[in-house]
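Asker:
Numbering (the numbering used here), first residue to last: 133 to 259.
1. With DSSP collapsed to three states, give me the class of residue 256.
2. Who are residue 179's beta bridge partners in DSSP?
3. Quick one: measure Cβ to Cβ for residue 264 and residue 259, integer angstroms, because I've assumed they're closer than 8 Å.
4. What residue does the beta strand (DSSP E) around residue 233 start on, and which one ends it?
5. Around the Cβ of residue 181, are there at least 16 other Cβ atoms within 10 angstroms (buried) or fewer (exposed)?
6. Taking 6 Å as the limit between beta carbons, can you name the residues of its chain near residue 146, skipping five residues before and five after?
7. Let me confirm a value: residue 179 is counted as buried when at least 16 other C-beta atoms fall within 10 Å, else exposed. Which label applies?
8. Measuring straight from C-alpha to C-alpha, what distance separates residue 228 and residue 150?
9. Whole alpha helix (DSSP H) runs in the region 194-253 with 4 or more residues, listed along the chain?
10. At the level of alpha carbons, what is the spacing between residue 202 and residue 160?
11. In this structure, does DSSP put residue 160 in helix, strand or coil?
12. For residue 257, does the count of other Cβ atoms within 10 angstroms reach 16, so buried, or fall short, so exposed?
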């Protein structure tokens with residue numbers, strides 16, 4: 133196998149492995165829970181929630197990452213830093229429920245899920 137063939141083999145293998153180890157369950161008529169292959173600083177699986185809204189999709193963490201880091205909301209600096217990181221990465225931040233989200237078209241749905249899971253990993257190391 134030449135180096136181009138090896139690269140294609142590895143790329144396909146990575147894609148297949150991620151697909152096989154990503155679990156998606158429908159939690160309501162329009163919402164799915166995605167258990168990604170990503171692991172946070174605590175060794176826990178990263179979850180994203182995908183809600184279909186008309187022709188758009190909202191991808192969110194459901195407020196889980198900040199709740200995990202500080203369930204009593206006792207560290208305002210942590211929340212401020214997380215909000216700045218999320219907004220700086222192109223995501224929205226709902227201060228009321230401490231939820232990180234983004235709304236996107238179907239064509240960018242998978243990319244948004246991957247980016248949100250990576251963002252959650254980064255934020256998990258703030259705690």
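Cβ atoms here follow ideal geometry from the backbone N, Cα and C, with glycine treated the same way.
Answerer: Let me spell this out:
1. Helix.
2. DSSP, once it has assigned bridges, lists 167 as partnering residue 179.
3. Because the chain in this structure spans residues 133 to 259, residue 264 falls outside the shown range and cannot be described.
4. Per DSSP, residue 233 belongs to the beta strand (DSSP E) from 231-236.
5. Counting the other Cβ atoms within 10 Å of the Cβ of residue 181 gives 16 or more, which makes it buried.
6. Taking C-beta separations shorter than 6 Å and ignoring five residues to either side along the sequence, residue 146 has no partners in its chain.
7. Buried, by the Cβ-count rule.
8. Going by the C-alpha atoms only, they are around 33 Å apart.
9. As for any alpha helix (DSSP H) of minimum length 4 sitting wholly inside the region 194-253, the runs are 196-201, 208-220, ordered along the chain.
10. If I take the Cα positions, the gap works out to 28 Å.
11. Three-state DSSP puts residue 160 in coil, outside helix and strand.
12. Exposed, since its Cβ has fewer than 16 Cβ neighbours within 10 Å.
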